[in-house]
Amino acid sequence: MIEISSLSKVYAEATVVDEVSMVVAGGSITAIVGTSGSGKSTLLRMINRLVEPTRGRVVINGRDAATVPGHLLRREIGYAIQGHGLFPHRTVAENIATVPRLLGWQAARTRARVEELLRIFQLEPAEYGAKFPHQLSGGQQQRVGVARALAAEPRVLLMDEPFGALDPIIRGQAQDDLRDIQRRFGTTVVLVTHDIDEAFRLGDHVGVMSRGRLLQYDRPAMLLTHPADPFVSRLTGTADRALKLLSLTTAAQAMEPGAAAGDGPAVAATDSLRDVLAQLLWSGAAAATVRRPDGSAAGQVTLAGILARGRSD
Amino acid sequence: MPRPATLLRLAALALLLAFLIVPQRFAPLFVPFTEYGAPPIYDQGSLPMLALAHLGTVFAATAVSAIVAIGLGILVTRAGGAEFLPLSRTLVNIGQTFPPVAVLAIAVPLVGFGELPTLIALFAYGLLPIFENTLSGLQSCPPAVVEAADGMGMSPRQRLLAVELPLAMPLILEGVRLSLVVNVGTATIGSTVAAKGLGEVIIAGLLSNNTAFILQGGLVTGLMAILLYELMGTVERRILRATHLA
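Here it is as structure tokens:
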């Protein structure tokens, strides 16, 4: 858990972060979204004290971050950035081993951890461990960057536009991977992005920042249905907010008993209602059958049920 | 089959060594440059000893230049040292623009004749390339890489030693190489203040109006500069390969 209270950063004349308070629940993903210059990156960097706060406090898992020397604090907190920042003169394995080495782990433990992470990120250790960053594709470099951030098993992971340099297809895969890995390790993730769709896709909670202030911090659906500020509704977009809302709900949540008629498409319980709606429109059916992984029918999602959930009330 | 460039280097090395060890064999080549039966080959001292003394002076001066210039380059790229950048640059620039001969003229009354004034002149002359290259090398480290080093929890010292200096190394070595080679030529002026070196040969030629001596002094110095340039290139490539930068 990260408790941020009245955190501010003031440079000479400019207040970059203005009295931000928020609580990030342990084991969740919080996405902070805002335009460039909104202060979101500065807020993130004050959590691991790459930027020293002017005022306010950050308490991470019960300990005031200001009571620990900055570089020691940062060894306990994962940090991944846009453009990965891999060390070009070190191999992939050496890059991932950076923090374990700083912490003085035994060589065998470090090696085992590096191999474990490489496998998790679908990079065969024997093939990729000894390669240099410039020999990898952009998506692979980004994965190594996240693996390096996770190497010392941090309970908190900070990410600054980690997928910003990736093309859309690889980005989607990287976002899914992050979700899986976050669930697997129970890591508390704070992610900064300018992409509202990314924030909605990944964030259990989403914070919206503008001009140094945190305008709203809530569950994604609440940002759509109850925007606290005109800027929030502009950012989330008013034209397609019904569809955005549907994309936040899974088929399982809207499931009704029974099975769709023969021409209805089959969907998975984890599919979003937006995807189910698209399938229904395409097939012309009025209901889709929700199937379990073994193929048996768990229930159905009807067009009427979806439409009811996309309504503004 | 070695490449032509390698063959050329080996030929240059062989020529230099042959001339230093058995200079008399080359006498017929230099006779046309003498008058009134003057000796065609330098005979007032041992050529190999002069060459070694020459190199020794150059290496010693460049080593001190490198330590000071790299140290200054590191200092002015740290958060606390940035304000010394203009001052350092000015000092180093003066070292380069002030003619080494003038440095000798000033140094001799202070420290006397011999090696020391020459070392001072070469030291000052060699600072600029190393300092500027260290600066460019450290400043051109990708910001994301430096930020990652901080974000991983490296101390400033660890970041410097493990990330910044290795990444700046190609440029720093290039600066050292430049200083070294330039100083091989410049060191000949040391002989005007009684430092041991190949300048003696040239000066002896000037004093006795013997063009053969002047040619020999220039030739040996030039060959050494070229060979040193090539040797440093090889050393650089070895170091970079060992640190995975090439």
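In order, the protein sequences belong to chains A and B. Per the numbering used here, the first sequence starts with residue 80, numbered consecutively. Per the numbering used here, the second sequence starts with residue 2, numbered consecutively. No residue lacks a Cβ here, since even glycine has one placed at the ideal position from N, Cα and C.
Boundaries of the beta strand (DSSP E) around Glu-82 of chain A: 81-90. Runs of the alpha helix (DSSP H) lying entirely within the region 207-231 of chain A, each at least 4 residues long, are 217-229 in chain order. For Ser-107 of chain A, the secondary structure class from DSSP, reduced to helix, strand or coil, is coil.
Going by C-alpha positions, Phe-31 of chain B is about 19 Å away from Ala-15 of chain B.
Around Tyr-230 of chain B, the same chain offers Val-182 as residues with beta carbons nearer than 6 Å, after the five sequence neighbours per side are excluded. At a cut-off of 8 Å, the C-beta of Thr-135 of chain B has no neighbouring C-beta in chain A.
By the CB criterion at 8 Å, Ile-81 of chain A and Ile-139 of chain A fall inside the cutoff. Here Asn-210 of chain B is exposed. Its C-beta has fewer than 16 other C-beta atoms within 10 Å.
For Ala-169 of chain B, there are no neighbours in chain A by C-beta distance under 8 Å, as the nearest C-beta there is about 11 Å away. Under the criterion of beta carbons closer than 8 Å, Gly-82 of chain B and Thr-135 of chain B do not qualify as touching, at roughly 13 Å. In this chain, the alpha helix (DSSP H) harbouring Ser-362 of chain A covers 352-362.
With 16 or more neighbouring CB atoms inside 10 Å of its own CB, Arg-169 of chain A falls in the buried class. The beta-bridge partner set that DSSP reports for Gln-379 of chain A consists of A:Glu-335 and A:Thr-368. Burial is judged here by how many other beta carbons sit within 10 angstroms of a residue's own beta carbon; Val-146 of chain B has at least 16 and is buried. Taking each of B:Ile-204, B:Ser-180, B:Arg-238 and B:Thr-235 in turn and checking the Cα distance to Ala-70 of chain B, the smallest one comes out for B:Ser-180. Listed along chain B, the residues sitting closer than 8 Å to Tyr-158 of chain A by beta-carbon distance are Ala-149, Gly-152 and Met-153.
A Cβ-Cβ separation of about 6 Å places Val-178 of chain A in contact with Arg-154 of chain A under the 8 Å criterion. The region 279-299 of chain A and the region 125-134 of chain A do not touch, with fewer than three beta-carbon pairs separated by less than 8 Å.
Looking at A:Ser-117, A:Asp-319, A:His-150 and A:Ser-84, the one whose alpha-carbon comes closest to that of Ala-149 of chain B is A:His-150.
Taking the beta carbon of Ser-141 of chain B as reference, no residue of chain A falls within 9 Å; the closest one sits roughly 12 Å away. DSSP places Ala-12 of chain B within a helical segment (H, G or I) once states are collapsed to three.
Its Cα nearest to that of Val-95 of chain A, the residue A:Ser-115 stands out among A:Ala-110, A:Gly-106, A:Leu-325 and A:Ser-115. With a beta-carbon spacing of about 12 Å, Leu-199 of chain B and Leu-17 of chain B fall beyond the 8 Å limit used to define contacts. Along the region 252-283 of chain A, none of the residues has a CB nearer than 7 Å to a CB of chain B. Less than 8 Å separates the beta-carbon of Val-171 of chain A from that of Pro-212 of chain A.
Secondary structure at Thr-94 of chain A: strand, using DSSP grouped into helix, strand and coil. Chain-ordered, the chain A residues with CB closer than 7 Å to the CB of Ser-156 of chain B read His-150. Sequence-distant Cβ neighbours of Ser-362 of chain A in its own chain, meaning closer than 6 Å and more than five residues away, are Pro-344. A residue is called buried once 16 or more other Cβ atoms fall within 10 Å of its Cβ, and Ser-120 of chain A is buried on that count.
For Val-130 of chain A, there is no enclosing alpha helix (DSSP H), as DSSP gives it neither H nor E. Along the region 122-154 of chain A, the positions whose C-beta sits under 8 Å from a C-beta of chain B are Asn-127, Leu-129, His-150, Leu-151, Leu-152, Arg-153 and Arg-154, read in chain order. Cβ-Cβ separation between Thr-109 of chain A and Gly-282 of chain A: approximately 6 Å, consistent with a contact (criterion under 8 Å).
The Cβ neighbour count for Gln-185 of chain A, taken over all protein chains shown within 10 Å, is under 16; the residue is labelled exposed. About 7 Å separates the CB atoms of Phe-279 of chain A and Val-285 of chain A; that is less than 8 Å, so the two are in contact.
Under the three-state reduction of DSSP output, His-163 of chain A falls in the coil class, being neither helix nor strand. Between the alpha carbons of Ala-67 of chain B and Gln-219 of chain A lies a distance of about 39 Å.
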